[in-house]
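*Asks:* Numbering (the numbering used here), first residue to last: 78 to 196.
Just so you know, even glycine gets a beta-carbon here, dropped at the ideal spot from N, CA and C.
Remember, it's a predicted structure, so these values are computed and weren't measured experimentally.
See below:
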């Protein structure tokens, strides 16, 4: 909580800091309200990721830390639920971050990949 305490102290003691925070909050809320009133302005960002599974040689798939592709996909689904504030992670104080993660389908050279790298 040290960061929050410092923030509160600065709000009380530093007028310029307080004004900057108020300006940021005002602009942020305006932008948020503007996009909420125009559904076409709302964009969900899709972020391709590569999951690296690093295990000792010879570790069987599904054994130890060598998780299966299904477990990785399930983990991404749960992560997306958190970022989108949906399903069991819905929080009345939370917001939809409009961000989703997916397994990358291509590498930097354009070659098709699974999005899961095992080493």
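What are the complete alpha helix (DSSP H) segments, minimum 4 residues, inside the region 157-196?
*Replies:* Listed in chain order, there is nothing to give.
*Asks:* Under 8 Å, with one C-beta from each stretch per pair, do the region 119-135 and the region 165-182 reach the 3-pair mark?
*Replies:* Taking 8 Å as the limit for Cβ pairs, the verdict is that the region 165-182 does touch the region 119-135.
*Asks:* Please determine, among 164, 180, 136 and 167, the residue with the shortest C-alpha to C-alpha distance to residue 196.
*Replies:* Checked all of 164, 180, 136 and 167; the closest Cα to residue 196 is 136.
*Asks:* For the alpha helix (DSSP H) containing residue 86, list its first residue and its last residue.
*Replies:* Per DSSP, residue 86 belongs to the alpha helix (DSSP H) from 79-90.
*Asks:* Can you grab the Cα-Cα spacing for the pair residue 167 / residue 161, in whole Å?
*Replies:* About 8 Å.
*Asks:* Beta carbon of residue 144, beta carbon of residue 126: below 9 Å?
*Replies:* No; because the gap between Cβ atoms is not below 9 Å, this pair is not in contact.
*Asks:* So, are the CB atoms of residue 153 and residue 179 less than 9 Å apart?
*Replies:* Yes, these two residues count as a Cβ contact at 9 Å.
*Asks:* Helix, strand or coil: how does DSSP classify residue 144 here?
*Replies:* Three-state DSSP puts residue 144 in coil, outside helix and strand.
*Asks:* Use the C-beta contact count for residue 157: other C-beta atoms within 10 angstroms, 16 or more gives buried, fewer gives exposed.
*Replies:* By the 10 Å Cβ count, residue 157 comes out buried.
*Asks:* Cα separation between residue 84 and residue 150?
*Replies:* Approximately 39 Å, taken between the alpha carbons.
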